[in-house]
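Report on one structure; see the data block that follows.
In this note's numbering, the protein residues as written are 3 to 158.
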């Protein structure tokens with residue numbers, strides 16, 4: 003990271019940013035053409051590793067790309083605030099952001115899908131939900147095992 007003065011190395015701060023965001027942008031590539039899509043997510047931090055879950059329809063462009071190339075990058079950001087100045091060149095923007103990369107696994111097992119959806123819904127709503135086999139049969143649930151995750155912040 004070029005701006006090491008803005009790098010976040012504290013795990014608690016990284017998790018606070020992950021907790022405050024509700025949408026992330028998933029970047030993938032098919033035949034050397036990039037594709038980015040915003041998605042809701044949930045995550046867990048266990049044994050020093052971040053795992054991100056998202057869901058989608060069982061067919062479509064996103065899954066077609068992920069089946070062909072499951073290496074992804076993702077980004078999320080929060081704490082947006084424009085900073086003003088007398089000169090246009092003095093303007094800036096405060097933010098907190100996370101960028102990560104990893105491998106996507108499209109989950110097949112019903113229990114794994116239920117677990118992923120529970121994590122996603124807990125993150126999104128703060129509530130616990132249960133899912134039936136029939137419910138998870140009609141949705142694709144994916145897991146990203148994050149290989150790398152970095153945080154960056156420009157704060158007040």
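Idealized CB from N, CA, C, for every residue including glycine.
- Membership of residue 136 in the alpha helix (DSSP H) is indicated by the continuous run 135-139.
- Across the set 139, 123 and 140, the C-alpha of 123 shows the shortest separation from the C-alpha of residue 132.
- Secondary structure at residue 126: helix, using DSSP grouped into helix, strand and coil.
- Only buried fits residue 125, as 16 or more other CB atoms lie within 10 angstroms of its CB.
- Counting only runs that start and end inside the stretch 65-114, the beta strand (DSSP E) elements of at least 3 residues fall at 73-85 and 94-108.
- In the DSSP assignment, residue 145 falls within the unbroken beta strand (DSSP E) covering 142-156.
- For a cut-off of 8 Å, the C-beta gap from residue 157 to residue 96 is around 6 Å, short enough to register as a contact.
- With contacts defined by Cβ atoms closer than 8 Å, residue 107 and residue 138 do not form a contacting pair.
- At the C-beta level, residue 55 and residue 143 come within 8 Å of one another.
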